[in-house]
Structures are given as C-alpha cells and as structure tokens.
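First comes the structure, then the notes that go with it.
There are 2 protein chains.
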Amino acid sequence: MKSQFDLQSFLPFLMHHASEKVSLGFRDIYRDRYRMTRSEWRVLATLGQYGALTATEIVTHTGLHKTKVSRAVFSIEKRRWLKRRQDEKDRRVQRLELTAQGISAFTSLCEAGVAYNRKVREFLGDDDFARLSDLLIKLNDL
Amino acid sequence: MKSQFDLQSFLPFLMHHASEKVSLGFRDIYRDRYRMTRSEWRVLATLGQYGALTATEIVTHTGLHKTKVSRAVFSIEKRRWLKRRQDEKDRRVQRLELTAQGISAFTSLCEAGVAYNRKVREFLGDDDFARLSDLLIKLNDL
DNA sequence: TTCATATAGTTACATTCGTAACTGTTGTTT
DNA sequence: AAACAACAGTTACGAATGTAACTATATGAA
Chain A
508 MKSQFDLQSF
518 LPFLMHHASE
528 KVSLGFRDIY
538 RDRYRMTRSE
548 WRVLATLGQY
558 GALTATEIVT
568 HTGLHKTKVS
578 RAVFSIEKRR
588 WLKRRQDEKD
598 RRVQRLELTA
608 QGISAFTSLC
618 EAGVAYNRKV
628 REFLGDDDFA
638 RLSDLLIKLN
648 DL
Chain B
508 MKSQFDLQSF
518 LPFLMHHASE
528 KVSLGFRDIY
538 RDRYRMTRSE
548 WRVLATLGQY
558 GALTATEIVT
568 HTGLHKTKVS
578 RAVFSIEKRR
588 WLKRRQDEKD
598 RRVQRLELTA
608 QGISAFTSLC
618 EAGVAYNRKV
628 REFLGDDDFA
638 RLSDLLIKLN
648 DL
C-alpha cells in the first residue's frame with residue numbers, strides 16, 4: 508500500500524545512497540590519480556591481492572560481468588600494468604599477472620584505500636563500523 | 508600498505524556488493540512489470556510520495572543527476588503517467604504531477620516495495636534491519 | 001573419428017550514462 | 001533600461017554498459 512511505503516526507509520534506496528557516498532569518495536582517488544574506471548580498479552585490486560588469475564577467476568572473485576573484465580584487462584594491459592600468458596594445457600585460457608608497474612600502482616592505491624577505510628571507520632566509530640561490515644556480509648546470502 | 512589491505516573487508520566493495528544485491532532484487536520487479544529503469548522508478552516514487560514537484564526538486568530529493576531526471580520525466584510522460592504544467596510566475600519551471608495511471612502504477616509498485624522490504628527485514632531480523640538502516644542513514648553525513 | 005555441447009574470452013550493437021554546452025527565463029548590477 | 005550573472009531544464013557527444021552473437025578451443029558421446 509502507498510501509505511505503508513516510505514521512500515526514506517526503503518532499503519534499496521538507503522543502500523544505494525550510502526553505497527554511492529562511500530564508493531565515490533574512493534573513486535575520486537583512483538580516477539584522479541590514474542584515470543581508472545571502477546572496473547579497472549577492481550580488476551587491478553583483485554590481481555594485486557590474489558596474484559595471477561584467469562579472466563574467469565576474476566569474474567568469480569568480483570562478480571563483474573565478463574565483458575567488463577575483458578575490457579578492463581585490455582585497458583590495464585595497454586598501460587603495461589599486466590601481462591598475459593597463454594596456458595599451455597588449455598589454449599583458451601590466459602593467465603593474467605601484474606607487471607612491476609602494475610604492482611606499484613596497486614600498492615599506491617592500497618595505501619590510499621587503507622587510509623580511506625580508516626577515515627570511514629573513524630567517522631562511524633569502531634563498533635558501528637564492525638557492525639556495518641557484518642551486516643553487509645550477511646546480506647550476501649540474501 | 509598492500510599487506511594491510513584486504514579486498515573482502517574494504518568498505519566500498521562490501522557496500523557495493525550488498526547494495527547491488529538488495530537493489531537488483533527489487534529492480535527485477537519494476538523492470539519486469541513495467542520495463543522501467545531505476546531512474547524512472549525513482550522519479551515515479553518521488554512524485555508518488557511527495558505529489559507535484561519540479562525537476563529540480565526531484566534532483567534534491569533523489570540525488571539523481573539532472574539529465575537523468577530530465578530523461579526519466581520525458582519517458583514517464585510518454586507513458587502518460589505524468590503531466591507537466593508551466594509555472595505561471597516562473598516560466599522556466601514546470602510542475603510535474605502523476606496522472607491517475609501514474610498513481611496506479613506507483614501504488615502497485617509500492618505494494619511490491621513493502622513486500623520486498625519485509626522480505627529483507629525477515630531475512631535480517633528486526634534488530635539487524637533497524638541497525639542497518641540507522642547505519643546507512645548515518646553514512647549520509649560522511 | 002565425428003558430431004554435438006560446453007567453455008574462455010572478444011566483439012558488435014543498441015542503450016544508458018556523465019560532462020559540458022546549450023536555450024530560454026529570471027534576477028541583479030550599473 | 002542595458003548588461004550580465006544565475007537558474008530550470010534540454011540536448012549533443014563521447015564514454016561506459018549489457019545483451020547477444022561470435023571465434024577458438026576443449027570435452028564428451030555416438
């Protein structure tokens with residue numbers, strides 16, 4: 508019913524607002540520093556954290572669409588931040604691995620990421636920050 | 508530092524994942540039922556809840572970019588779900604108001620929205636749901 | 001072997017998006 | 001009043017997106 512519906516307390520709206528707020532704050536950093544898109548940053552971060560992966564494995568880790576991953580990989584490759592290696596056993600597969608430059612960019616953004624995370628944690632307070640993280644993780648199983 | 512950085516606990520990632528999860532669940536409803544985009548749904552909902560508004564007021568309420576609002580209004584108008592009325596005093600301004608059909612679509616989606624919200628609340632439990640809402644609202648002031 | 005099916009990843013195309021520039025109107029300064 | 005800044009809303013254009021079709025390789029069954 509219309510009367511029971513309140514936009515301000517509708518969870519998809521609340522989540523989206525908050526998510527934009529939090530995401531865009533950090534996006535400014537990788538965008539201004541390296542002109543990266545979010546997909547590119549996420550691929551870089553995933554490769555940085557897990558080492559060499561295939562495109563499909565990146566899809567699994569990030570939940571990004573495979574075309575986004577394909578394009579992000581291409582773009583990161585153009586920057587010479589990653590190199591591809593054909594898998595010997597299965598020639599459909601390419602192992603993707605960051606170059607020294609890629610790792611260096613990743614490390615630089617990690618520092619910024621840690622600082623940003625700390626900023627948000629200080630804003631919310633340790634307890635609320637932990638609570639929020641737990642709740643968000645719980646929502647993955649929705 | 509790279510070592511201190513963990514993707515899984517990085518708030519922008521957590522938020523975005525959770526937000527997509529929650530938002531897409533409801534998007535399926537308005538998309539399948541009316542072929543609406545998110546912008547269109549948000550404009551419809553805002554007009555439904557607050558009555559007649561100008562485009563700029565919708566921007567203020569939703570945080571949507573003004574071009575998105577402009578396009579969404581045009582598209583909703585094409586469906587004959589809203590009508591424009593020129594403001595007499597300021598001819599730059601248009602008052603936007605839902606038609607009976609628009610209100611009917613809004614009402615129908617409100618029911619679905621209430622049901623969806625309830626589903627998520629039952630999944631999380633009342634306490635966690637309330638806590639999450641509070642935390643998300645708090646983040647608006649970040 | 002051969003045919004069908006599945007998978008990794010890319011590309012084409014149409015849609016959506018954001019930035020910036022634009023039109024038209026109002027308000028302010030001189 | 002004339003000139004100029006501010007504002008409501010739209011449009012143009014390039015970039016990013018999602019869907020679906022595609023290429024190439026691998027796997028499995030007949």
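Listed in order, the protein sequences are those of chains A and B. With the working numbering applied, the first sequence has no gaps in its numbers, which climb one by one up to 649 at the end. With the working numbering applied, the second sequence has no gaps in its numbers, which climb one by one up to 649 at the end. Positions of the beta carbon are idealized from the N, C-alpha and C atoms, including for glycine. Model, not experiment: these values are computed from the prediction.
>> Strictly below 7 angstroms CB to CB, what residues from chain A border Gly-570 (chain B)?
In response: His-524
> When Cβ atoms are compared, which residues of the region 545 to 576 of chain B fall closer than 9 angstroms to chain A?
Replying inline: Arg-545, Arg-549, Ala-552, Thr-553, Gly-555, Gln-556, Tyr-557, His-568, Thr-569, Gly-570
> Distance, Cα to Cα, Ala-562 (chain B) vs Lys-590 (chain A)?
Replying inline: 48 angstroms
> What does DSSP give as the partner residues of Gln-593 (chain B) in its beta bridges?
Replying inline: B:Gln-601
> What's the C-alpha gap between Gln-593 (chain B) and Lys-626 (chain B)?
Replying inline: 41 angstroms
> So does the region 519 to 539 of chain A actually touch the region 628 to 644 of chain B, counting three or more Cβ pairs closer than 8 angstroms?
Replying inline: yes
> Is Val-580 (chain B) close to chain A, meaning its C-beta is less than 8 angstroms from at least one C-beta of that chain?
Replying inline: no
> According to DSSP, what are the bridge partners of Leu-642 (chain A)?
Replying inline: None, per the DSSP bridge assignment.
>> Once DSSP output is grouped into helix, strand and coil, what is the label at Leu-560 (chain B)?
In response: strand
> Alpha carbon to alpha carbon, what distance is there between Thr-614 (chain B) and Gly-558 (chain A)?
Replying inline: 50 angstroms
>> Relative to the C-alpha of Arg-542 (chain A), which candidate in A:Asp-635, A:Gly-632, A:Ala-579, A:Ala-637 has its C-alpha closest?
In response: A:Ala-579
> Ser-516 (chain B) touches chain A at which residues, Cβ-Cβ below 7 angstroms?
Replying inline: Ser-640
>> So, under 8 angstroms CB-CB, Ile-565 (chain B) and Thr-553 (chain B) are touching, yes? Tell me the CB distance rounded to an integer number of Å.
In response: 5 angstroms
> Are Arg-549 (chain A) and Thr-569 (chain A) touching if we call contact CB-CB under 8 angstroms?
Replying inline: yes
> Hey, is Ser-530 (chain B)'s beta-carbon within less than 8 angstroms of any beta-carbon in chain A?
Replying inline: yes
> Counting contacts by CB-CB distance shorter than 8 angstroms, is Val-600 (chain B) in contact with chain A?
Replying inline: no
> DSSP state of Lys-511 (chain A), grouped into three classes?
Replying inline: Checking the sequence shown, residue 511 (chain A) turns out to be Gln, not Lys. Coil.
> Looking only at its own chain, which residues have a Cβ that is under 8 angstroms from the Cβ of Leu-616 (chain B), when we skip the five neighbours before and after it?
Replying inline: Ile-536, Tyr-537, Arg-540, Tyr-541, Trp-548, Leu-551, Ala-552
> Mind checking if Leu-643 (chain B) is an interface residue toward chain A, Cβ cutoff 8 angstroms exclusive?
Replying inline: yes
>> Tell me which residues share the same chain as Gln-556 (chain A) and place their Cβ nearer than 6 angstroms to its Cβ, disregarding the 5 neighbours each side in the sequence.
In response: none
> Quick one: what does DSSP say Asn-632 (chain A) is sitting in, helix, strand or coil?
Replying inline: The sequence as given places Gly at residue 632 (chain A); Asn does not occur at that position. Here Gly-632 (chain A) sits in coil by DSSP.
> If we cut at 8 angstroms on Cβ distances, does Gln-511 (chain A) have a partner in chain B?
Replying inline: yes
> From the beta carbon of Gly-609 (chain A), is the nearest beta carbon of chain B less than 8 angstroms away?
Replying inline: no
> When burial is assigned at 16 or more other CB atoms within 10 Å of the CB, is Gly-620 (chain A) buried or exposed?
Replying inline: buried
>> Looking at chain A, is there any beta carbon in it that lies within less than 8 angstroms of the beta carbon of Leu-649 (chain B)?
In response: yes
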